[in-house]
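Per this note's numbering, the very first residue in the sequence shown carries number 289; after that it's consecutive.
For every residue, glycine included, the Cβ atom is placed at its ideal position computed from N, Cα and C.
Please read all numbers here as calculations on a predicted model, not as lab measurements.
I have placed the structure first, in the form of structure tokens, so that the comments after it can refer back to it.
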Amino acid sequence: MADNTQLPNGFTGFAFRKPTGGTSAADAIREREAQRAAHAGQPAPAQTPRRGVNGFLTEREAASDAANEVRGAFQYNRDHEETSAAYSADGENPEGRVEFDPEKLATIPEKDRRWAWLEIDLNAIRHNASAVKKMIGSGRHMMAVVKADAYGHGAVRVAKTALNSGADYLGVATVDEGIKLREGLVNAPILMLAEPPASAIPLLLAYKIMPAVYSSEFAIKYAEAADSMGLRAPYHLAINTGMNRIGVRWDEVVNFMHQIGFHRALELEGVFTHFATADCPETLDFHIQAKRYIEAVEGLRAAGINPGIVHCANSAAAIRYPDVRFDMVRLGIGLYGYQPCPETTPLIELRPAMSVHARITDTRLVPMSEGVSYGLNYRSPGSVKICTVPVGYGDGLRRGLSSRTDFLVDGVRCRQVGNICMDQCMFEVDLRSYARRRRVDPQVGDEVLIVGQQGDAMVTIEEMCETLGTIPHELCIGFAQRMPRYYV
289 MADNTQLPNG FTGFAFRKPT GGTSAADAIR EREAQRAAHA GQPAPAQTPR
339 RGVNGFLTER EAASDAANEV RGAFQYNRDH EETSAAYSAD GENPEGRVEF
389 DPEKLATIPE KDRRWAWLEI DLNAIRHNAS AVKKMIGSGR HMMAVVKADA
439 YGHGAVRVAK TALNSGADYL GVATVDEGIK LREGLVNAPI LMLAEPPASA
489 IPLLLAYKIM PAVYSSEFAI KYAEAADSMG LRAPYHLAIN TGMNRIGVRW
539 DEVVNFMHQI GFHRALELEG VFTHFATADC PETLDFHIQA KRYIEAVEGL
589 RAAGINPGIV HCANSAAAIR YPDVRFDMVR LGIGLYGYQP CPETTPLIEL
639 RPAMSVHARI TDTRLVPMSE GVSYGLNYRS PGSVKICTVP VGYGDGLRRG
689 LSSRTDFLVD GVRCRQVGNI CMDQCMFEVD LRSYARRRRV DPQVGDEVLI
739 VGQQGDAMVT IEEMCETLGT IPHELCIGFA QRMPRYYV
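Here it is as structure tokens:
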């Protein structure tokens with residue numbers, strides 16, 4: 289076999305000769321540490337023995353140094369302390385180092401850190417709550433459902449706005465959602481629309497969150513915990529009338545109440561069910577569920593049990609079916625301005641509260657036939673400007689919308705093109721002139737509306753839902769994953 293030890297570096301491979309000089313990375317770091325210590329008037333750090341061939345570290349030795357000798361050498365906190373120490377008491381900076389004021393840094397708005405944000409129109413929330421309240425009449429309660437951070441709109445702000453606009457109950461899905469409202473100084477009754485683990489019972493009692501109850505084991509543990517503290521254990525009974533998700537079967541409700549009703553701490557505040565098809569054109573299943581629910585409530589009353597607040601109507605049922613409004617309606621998607629189904633559109637005017645905004649981060653003229661984004665599925669037809677905005681599927685702009693949605697620039701619809709990336713996407717601006725269409729030529733920093741209205745032009749969540757085959761709930765929650773919210 290040929291002797292390759294004297295081959296030069298290059299096409300034939302790296303030489304196998306051992307290095308005979310130079311400074312290792314570890315030695316350079318040690319020297320820097322010694323210089324810093326001398327400048328600060330401190331003793332130089334102890335030198336560790338050099339290892340390896342000719343003072344160079346093996347890969348394993350270098351890893352050991354990184355974990356032991358060099359740990360923290362370039363960390364932010366250490367550099368920050370050194371920077372602060374470079375300033376004298378009177379604020380002079382003899383070494384010319386730059387100091388950053390954390391309080392000033394914190395004042396930079398989130399939408400100026402990344403050009404993408406949401407705007408939530410609280411006037412639209414007020415309008416929607418007031419419109420439904422007027423429809424159902426003043427004699428009924430209205431629950432504002434603010435689970436999933438108010439469908440991405442911000443639970444605390446939406447809850448307070450809804451409570452000032454006709455709502456008097458709040459609905460959440462988890463214990464932590466209820467705690468967030470309490471910590472936000474929301475004092476209205478809060479119903480958790482599910483039964484939490486028994487281990488969460490102390491939190492329910494501490495933060496005054498009413499659970500849904502549908503298992504006797506949980507009910508007794510809840511009552512025992514409350515009684516041991518001298519407290520009451522209020523709850524709403526969930527009844528399963530056909531959706532088969534949670535709840536006591538409608539024909540077993542009376543027996544269930546006999547199992548748990550003996551406990552002195554338990555306090556039945558209300559009974560509810562949930563409709564599976566209130567937003568569907570076909571009404572048979574809806575009417576079957578409504579009939580079962582009425583039978584269950586009448587059975588409780590016949591057994592001498594006061595059902596408390598009787599409620600079953602979600603947004604669709606509250607708007608479509610006056611006969612099931614009972615004592616309270618639960619306003620979910622309608623609160624945020626979206627029609628729960630086409631059948632409700634002529635019955636009530638709702639205003640979407642969420643709009644999605646961005647600013648252009650890049651523009652370029654892409655020659656004819658060159659591609660854009662992953663897969664290069666889109667090819668430039670020529671005479672177009674490709675603009676980039678920092679919004680992607682990581683922000684809720686679903687990848688399935690790629691080349692299937694429009695953005696608004698100065699009131700003109702522009703087609704989104706190319707695959708939507710995790711953090712960015714592109715859209716096309718036709719630079720050709722047309723007699724019937726206004727020409728735009730956007731620049732870096734110009735605002736783009738991804739969802740919302742500019743003049744007579746609009747791009748709606750409903751359009752995206754139709755394209756994707758989904759519902760507004762999902763898209764609204766998705767848009768709030770990473771983008772900051774601003775209330776207007």
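Look up residue i in the DSSP assignment and give the residues it is bridged to.
i: Trp405; result: His645
i: Arg537; result: Asn528
i: Met248; result: Given a span of 289 to 776 for the chain in the structure shown, any question on residue 248 remains unanswerable.
i: Lys500; result: Note that residue 500 corresponds to Ala in the displayed sequence, not to Lys. Answer is His524.
i: His599; result: Phe560 and Met616
i: Asp718; result: Val672
i: Met430; result: Val617
i: Val460; result: Met480
i: Arg650; result: Here residue 650 turns out to be Asp, not Arg, going by the sequence shown. Partner(s): Thr676.
Tell me the rounded alpha-carbon separation between residue i and residue j.
i: Arg720; j: Met746; result: 22 angstroms
i: Ala632; j: Ala578; result: Correcting the residue identity first, residue 632 is Thr in this sequence and not Ala. In a straight line, the C-alpha of Thr632 is about 19 angstroms away from that of Ala578.
i: Asp694; j: Arg701; result: 6 angstroms
i: Tyr662; j: Gln769; result: 23 angstroms
i: Arg724; j: Ile708; result: 30 angstroms
i: His546; j: Glu540; result: 10 angstroms
i: Gly706; j: Arg692; result: 10 angstroms
i: Pro610; j: Leu572; result: 16 angstroms
i: Pro760; j: Phe767; result: 11 angstroms
i: Val341; j: Pro655; result: With a pLDDT of 45 at Val341, under the threshold of 50, the modelled position of that residue is not reliable, and no figure is offered here.
i: Tyr722; j: Gly670; result: 16 angstroms
i: Val679; j: Met714; result: 9 angstroms
i: Leu473; j: Gly466; result: 11 angstroms
i: Ile534; j: Glu555; result: 20 angstroms
i: Glu387; j: Asp400; result: 21 angstroms
i: Val434; j: Ala641; result: 14 angstroms
i: Pro595; j: Lys392; result: 56 angstroms
i: Asp683; j: Ala322; result: 47 angstroms
i: Arg703; j: Ala488; result: 49 angstroms
i: Val644; j: Thr748; result: 10 angstroms
i: Gly530; j: Thr758; result: 23 angstroms
i: Val542; j: Leu458; result: 27 angstroms
i: Met771; j: Glu319; result: 45 angstroms
i: Gly740; j: Leu479; result: 32 angstroms
i: Arg470; j: Ala443; result: 11 angstroms
Taking residue i as the reference, give the member of the options with the closest Cα.
i: Thr476; options: Leu491, Ile489, Glu483 and Asn452; result: Residue 476 is actually Ala in this sequence, not Thr. It is Asn452 whose Cα lies nearest to the Cα of Ala476.
i: Lys509; options: Pro640, Lys422 and Ala553; result: Ala553
i: Gly234; options: Ala486, Pro610 and His441; result: Because residue 234 is not part of the residues shown, which for the chain are 289 to 776, the question remains open.
i: Ile582; options: Asp711, Leu556 and Thr561; result: Thr561
i: Met517; options: Ile593, Leu491, Leu393 and Ser643; result: Leu491
i: Ala419; options: Tyr624, Gly670 and Gln712; result: Tyr624
i: Arg686; options: Ser657, Thr449 and Gln712; result: Gln712
i: Lys468; options: Ile497, Glu483 and Thr449; result: Ile497
i: Val736; options: Asp744, Ile765 and Leu696; result: Leu696
i: Ser275; options: Tyr495, Asn528 and Leu493; result: Residue 275 lies beyond the residue range present for the chain, which begins at 289 and ends at 776; the question has no answer from this structure.
i: Val460; options: Ala432, Pro485 and Gly454; result: Ala432
i: Ile738; options: Thr395, Arg647, Asp409 and Arg520; result: Arg647
i: Ile408; options: Arg385, Met531 and Val446; result: Val446
i: Pro484; options: Thr395, Leu458, Tyr523 and Asp515; result: Tyr523
i: Ala486; options: Pro397, Ala513, Leu525 and Glu398; result: Ala513
i: Cys764; options: Arg385, Ala436 and Lys421; result: Ala436
Give every residue of the same chain whose Cβ lies closer than 6 angstroms to the Cβ of residue i, excluding the five residues on either side of it in the sequence, and list them in chain order.
i: Ala507; result: Val501 and Ile548
i: Ile593; result: Met545
i: Arg537; result: Asn528
I'd like the list of long-range same chain contacts for residue i, defined as Cβ closer than 8 angstroms, with 5 residues on each side in sequence excluded.
i: Asp729; result: Lys673, Val717 and Leu719
i: Gly659; result: Asn665, Tyr666, Arg667, Ser668 and Gly706
i: Ala417; result: Met430, Ala432, Thr449, Ala450, Ser453, Gly454, Ala455, Leu619 and Leu623
i: Ala290; result: Note that Ala290 has pLDDT 47, beneath the 50 cutoff, so the model's placement of it is unreliable and the number below is only indicative. None.
Using a Cβ-Cβ cutoff of less than 7 angstroms, which residues in the same chain neighbour residue i once the five nearest sequence positions on both sides are dropped?
i: Pro337; result: Because the pLDDT at Pro337 is just 49, under 50, the model does not fix this residue reliably, and the point stays unresolved.
i: Arg613; result: Ile424, Arg428, Ala601 and Ala606
i: Ile597; result: His429, Glu557, Gly558, Asp615 and Met616
i: Tyr775; result: Ile408, Leu410 and Arg445
i: Leu756; result: Arg686, Gly688 and Leu689
i: His551; result: Ile508 and Ala511
i: Gly699; result: Gln742, Gly743 and Ala745
i: Glu637; result: Ala419
i: Gly733; result: Arg647 and Ile648
i: Ala482; result: Ala461, Ala500 and Ile534
i: Phe362; result: The predicted position of Phe362 is uncertain, since its pLDDT is 46 and thus under 50; a value taken from the coordinates is nonetheless stated next. If we look at Phe362 and ignore the five residues flanking it on each side, it has no Cβ neighbours.
The stretch 628 to 635 touching the stretch 552 to 571, judged by at least three CB pairs closer than 8 angstroms: They touch, by the three-pair rule.
Sufficient close CB pairs (3 or more, under 8 angstroms) joining the stretch 415 to 434 to the stretch 647 to 662: no
Cβ contact check for the stretch 408 to 416 and the stretch 592 to 603: 3 or more pairs under 8 angstroms: no
Touching by the beta-carbon criterion (3+ pairs, under 8 angstroms), the stretch 585 to 594 and the stretch 392 to 407: Flag = no, the stretch 585 to 594 and the stretch 392 to 407 do not touch.
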